[in-house]
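Chains as they are written, first to last, in the working numbering: chain A, 655 to 1094; chain B, 2 to 306.
Cβ coordinates follow ideal geometry from the N, Cα and C atoms, glycine included.
Structure first, then comments.
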Amino acid sequence: MFDSLSSKLNTILSHLRGKGKLSEADVNAALREIRLALLEADVNYKVVKELMASVHERAIASEVLESLTPGQQVVKVVRDELTELMGEERVGLMLANKPAVIMLVGLQGCGKTTTAAKLALTLKKEGKKSVLVAADVYRPAAVEQLRKLGEELGLPVFEQGSSPVQIVSGVRDWAEENLCDVVIIDTAGRLQIDQSMMNELVQLKEVTSPDEILLVADAMTGQEAVNIARSFHEKLSLSGVVLTKLDGDARGGAALSIRAATGCPIKFVGVGEKLPELEAFHPKRMAERILGMGDMLSLIEQAESAIDQKKAEEIADRIRKDRFTLQDFHDQLQEMRKMGPISQILDKLPGGGRLKGSANVDEQELDRALAILRSMTLEERLNPSIIGGSRKKRIARGSGVRVRDVNWILSRFKEAKRAIKFMGTGRGKSKFPPEFLQMR
Amino acid sequence: MTWTDRLRNGLEQTRNRLTDSITQALGQGGKLDREELERIEEILISADVSAPIATELVDELSSHRKTRGIGREEVLAILKEGIKSRLSGYERSLSLRNDSQPTVILVAGVNGSGKTTTIAKLAAHLREDDPTMSITFAAADTFRAAAIDQLDIWADRVDADLIKHRIGADPSAVVFDALEHARRRGGVLFIDTAGRLHTKHNLMEELQKINRTIVKRLGHKPDERLLILDATTGQNGICQAISFHTAIDLTGVVLTKLDGTSKGGVILTIQKQLALPIMYIGVGETKDDLHEFVSDQFVDALFST
Ligand SMILES: Nc1nc2c(ncn2[C@@H]2O[C@H](COP(=O)(O)OP(=O)(O)OP(=O)(O)O)[C@@H](O)[C@H]2O)c(=O)[nH]1
Ligand SMILES: Nc1nc2c(ncn2[C@@H]2O[C@H](COP(=O)(O)OP(=O)(O)O)[C@@H](O)[C@H]2O)c(=O)[nH]1
Ligand SMILES: [Mg+2]
Ligand SMILES: [Mg+2]
């Protein structure tokens, strides 16, 4: 739907490759695109403005690394700033009291009731028993909804009393008697400008002194996220945030707005309608999502630190001259292995999750390939055509595999050579890591 | 309080802020400088108007400036006009059939946008005009816990018949039965579907299947295919509208939760890209909190002091 930010940046900054420092004009051009991307992602415009100012400084000071396109370099600075704003660390629930009380608040339809049940399930997995409290007496069938979820979880639902305040005042004792570790209060959705409803929340807070007051917010929320979050925070002093509906394609700029407005950590994200679909929040991943680039950047970082750039250039050069040997193949696989488990790499690519199932690059295969290559002599690696039947047998014995596997690696080598050669000529300049490290 | 008042109340914070900040942005002088234009652009963006459209609107302002200096009132007037011209010409309300067949209204949208409540509001609206009209609700949200119970309560309140199956049932089967009922009784059939994110392929297919069930039974598509859009939504609203439009060929949009502080500026892009009528706005949680969308009013309420 949205044009890829990084491809736009790379176009703007394409003349910059390896030029040293980024100039002010280049940075400004890049920042204009980034500003638009952040606004498209629904980051509040004030937050965007402040962010741009601090990125501006850092970007001008930073070097254009040879290994990256300059566009990526600017994006990386933005990502780092975003991550910082979002909070580097993951923060979990702080449940000190026994029973501990969690209260969920937020606008209508943001996902409070579902999140209450999801949290109960998460805690259940940790061996903690929760009671769900039905403090939404307004919306039609809200209590019934919670009742059904409680049933599904095999957990009690507390609903005695006629008003929310009455209901919650009885629950602590009940929870103690019934050996519940956690009390999770589901409240009615309300607008932050509805004073009487906001005051009701204050009363609920006074009666229950919650360990956690979590604002539940929809990831699709627009510019108002700032005002909404600020109002709830001012009234209740929130302890954290749950961002829901992240399973869609919303870029979730609201996460940043809410964080900026309240300083509260985002503790969980909802990634589906079903109860197990609650995850811990990863600030860095979120920053990258807001920028619209999967986990691309951490992959770049990993590649950057793991790959010997010189070696990659050498290999590229040999490919260009069609002298790519098994030795190069070995080196390349070795570099790839250094980047960490392949599955992890695939996870970070946009759409990589889908690739994983069908991927023919599994780690064991990679290790096996390396073992086979190591059992070859240097001469064999540099000149694969000399590998005949008896050499194959020896290599197989040496690496503890069968001749069939040696044949397999030789044919993979041929494939790789073909593929890499194609890339090498197609682009003029071949880089390692190949294709999949290119931005969308 | 009438619904117009409620709308105004709902938009109060909105219009105060927009107008105040624009007035402030203009400073003392009569003419606009670059900074002031930038500030106005920001104000539009803060209403969830997309950045490209905000830029367009501000460019229009600055082209006026070129020909002559303009004062504050003129600035507001030009902005209003700009927005109105982008929204007008598409207003319409529910169209009811006048043949023997029931009018079928399919209601769709992402999770929590206000589908079920809007159905109740629309039914109440029709009921007001025609107290004897036969109204049927099809509980085709068979997924969310107590979604059927919720619709059941609303059906009671607005005196509609409810056709339901058990939770987990095939929504198309519910719709099939509801069609039978509505064909016998006539009047209007509302189909309450489960919330679904527009990115979920299988769920969007489920929605299309409901559509097909209706076509098969009645020989035509549902008379209205409405997207319920939460005004709190930011730019993702565009993706939502496009995806739902692609799936079921929408006939209109209902913008809900305008009683909050969000302004729903994203509808400008939706209008521009899809030219879909914004038919109604939701301004609260009771059955009476529905208002026909009138672009002039919408914009005036946004800006008037
Ligand atoms: N796709 C998706 N849907 C979600 C998520 N969390 C909640 N929902 C759905 O969003 C809708 C609203 O969720 P609820 O839990 O009823 O929201 P609520 O805040 O309790 O709503 P009210 O009580 O009506 O204010 C339901 O259709 C849920 O199934 C999520 O993480 N992803
Ligand atoms: N403030 C406000 N709340 C609304 C409006 N429309 C619906 N709601 C609330 O939003 C929540 C979700 O509505 P619901 O109809 O259940 O949404 P659905 O999941 O799309 O069917 C409920 O709490 C409704 O009371 C509106 O116009 N204004
Ligand atoms: Mg609820
Ligand atoms: Mg519903």
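Taking the alpha-carbon positions, what's the residue i to residue j distance?
i, j, result
"A:Met805", "A:Pro930", "The amino acid occupying residue 805 of chain A in the given sequence is Glu; Met does not appear at that position. Looking at the two C-alpha atoms, the distance is approximately 15 Å."
"A:Ile1041", "A:Gln1018", "24 Å"
"B:Asp100", "B:Arg93", "20 Å"
"B:Arg218", "A:Ser1065", "58 Å"
"B:Ile54", "A:Asp901", "28 Å"
"A:Thr1031", "A:Ile1049", "9 Å"
"B:Glu42", "A:Ile688", "17 Å"
"B:Asp60", "B:Asp297", "22 Å"
"B:Ser173", "B:Thr214", "6 Å"
"A:Val923", "B:Leu62", "41 Å"
"B:Gly285", "B:Asp157", "19 Å"
"B:Ile79", "A:Gly876", "25 Å"
"B:Asp193", "A:Asn881", "31 Å"
"B:Gly266", "A:Ala695", "15 Å"
"B:Phe294", "B:Leu227", "14 Å"
"A:Val701", "B:Arg145", "36 Å"
"A:Glu888", "A:Arg1022", "59 Å"
"A:Ser708", "A:Val729", "13 Å"
"B:Thr118", "B:Ser89", "26 Å"
"A:Asp1059", "A:Gln988", "18 Å"
"B:Ile211", "A:Trp828", "45 Å"
Rank the options by C-alpha distance to the C-alpha of residue i and give the top, closest one.
i, options, result
"A:Val811", "A:Asp1059, A:Asp827, A:Ile838 and A:Pro818", "A:Ile838"
"A:Val870", "A:Met740, A:Gly894, A:Glu878 and A:Arg939", "A:Gly894"
"A:Val759", "A:Val732, A:Arg686 and A:Ser891", "A:Ser891"
"A:Asp840", "A:Gln727, A:Ala684 and A:Leu803", "A:Leu803"
"A:Ile1102", "A:Ile847, A:Arg939 and A:Val785", "No information on residue 1102 of chain A is available, as it lies outside the stretch 655 to 1094 that chain A covers here."
"B:Pro278", "B:Gly285, B:Glu225 and B:Asp171", "B:Glu225"
"A:Glu933", "A:Leu773, A:Asn751 and A:Ala914", "A:Leu773"
"B:His344", "B:Leu228, B:Asp231 and B:Asp250", "Since the first residue shown for chain B is 2 and the last is 306, residue 344 of chain B is missing from the structure and cannot be characterised."
"A:Asp680", "A:Gln727, A:Lys921 and A:Leu692", "A:Gln727"
"B:Val189", "B:Ile164, B:Lys264, B:Ala195 and B:Leu275", "B:Ile164"
"A:Leu685", "A:Ala713, A:Lys782 and A:Val701", "A:Ala713"
"A:Val1057", "A:Glu704, A:Lys1068, A:Gln988 and A:Ile1026", "A:Ile1026"
"B:Gly76", "B:Leu38, B:Thr262 and B:Thr200", "A quick correction: the sequence has Val, not Gly, at residue 76 of chain B. The residue with the shortest Cα to Cα distance from B:Val76 is B:Leu38."
"A:Leu652", "A:Lys899, A:Lys783 and A:Leu868", "This structure cannot speak to residue 652 of chain A, because chain A is shown only from 655 to 1094."
"A:Arg884", "A:Gly917, A:Ala770, A:Gln762 and A:Arg801", "A:Gly917"
"A:Glu1069", "A:Ala789, A:Pro864, A:Ala691 and A:Phe983", "A:Phe983"
Under 8 Å by Cβ, that's how I've got residue i and residue j pegged, so tell me the actual separation to the nearest angstrom.
i, j, result
"B:Ala147", "A:Glu813", "B:Ala147 to A:Glu813, Cβ: 13 Å. No contact."
"B:Ser51", "B:Gln236", "6 Å"
"B:Val255", "B:Ile84", "That pair is no contact at about 19 Å."
"A:Val825", "A:Val787", "5 Å"
"A:Lys859", "A:Met748", "Actually they do not touch by this definition, with Cβ atoms about 16 Å apart."
"B:Val108", "B:Ile136", "The pair is not a contact, with the Cβ atoms about 13 Å apart (cut-off 8 Å)."
"B:Val175", "B:Ala124", "Not a contact, Cβ separation roughly 17 Å."
"A:Gln846", "A:Val819", "Not really, about 20 Å apart at Cβ, beyond 8 Å."
"A:Met706", "A:Leu910", "That belief does not hold up - the Cβ atoms of A:Met706 and A:Leu910 are roughly 13 Å apart, past 8 Å."
"A:Arg744", "A:Ala941", "The pair is not a contact, with the Cβ atoms about 13 Å apart (cut-off 8 Å)."
"A:Gly765", "A:Lys921", "Actually they are not in contact, since the Cβ atoms of A:Gly765 and A:Lys921 sit about 14 Å apart, beyond 8 Å."
"A:Glu742", "B:Thr233", "Incorrect: roughly 29 Å between the Cβ atoms, too far for contact."
"B:Leu259", "B:Ile282", "5 Å"
"A:Leu980", "A:Glu1034", "7 Å"
"B:His199", "B:Cys240", "6 Å"
Applying the criterion that 16 or more other CB atoms from any shown protein chain within 10 Å of the CB defines a buried residue, is residue i buried or exposed?
i, result
"A:Gly1141", "There is simply no residue 1141 of chain A to check, as chain A begins at 655 and stops at 1094 in what is shown."
"B:Met205", "buried"
"A:Leu833", "exposed"
"B:His202", "exposed"
"A:Glu866", "buried"
"B:Gln308", "As shown, chain B starts at 2 and ends at 306. That puts residue 308 of chain B outside it, with no answer to give."
"B:Pro132", "exposed"
"B:Glu1", "Past the boundaries of the shown model lies residue 1 of chain B; chain B is included only from 2 to 306, so the question cannot be answered."
"A:Asn698", "buried"
"B:Gly169", "exposed"
"B:Ala276", "exposed"
"A:Gln849", "exposed"
"B:Gln151", "buried"
"A:Glu738", "exposed"
Within 9 Å (strictly less), CB to CB, does residue i reach chain D?
i, result
"A:Arg801", "In the structure shown, chain D cannot be found, because the protein chains are A and B."
request  = Go through the residues and name those whose CB comes closer than 7 Å to any heavy atom of ligand 3, in chain order.
outcome  = A:Lys766, A:Thr767, A:Asp790, A:Arg793, A:Ala796, A:Gln799, A:Asp840, A:Ala842 and A:Gly843
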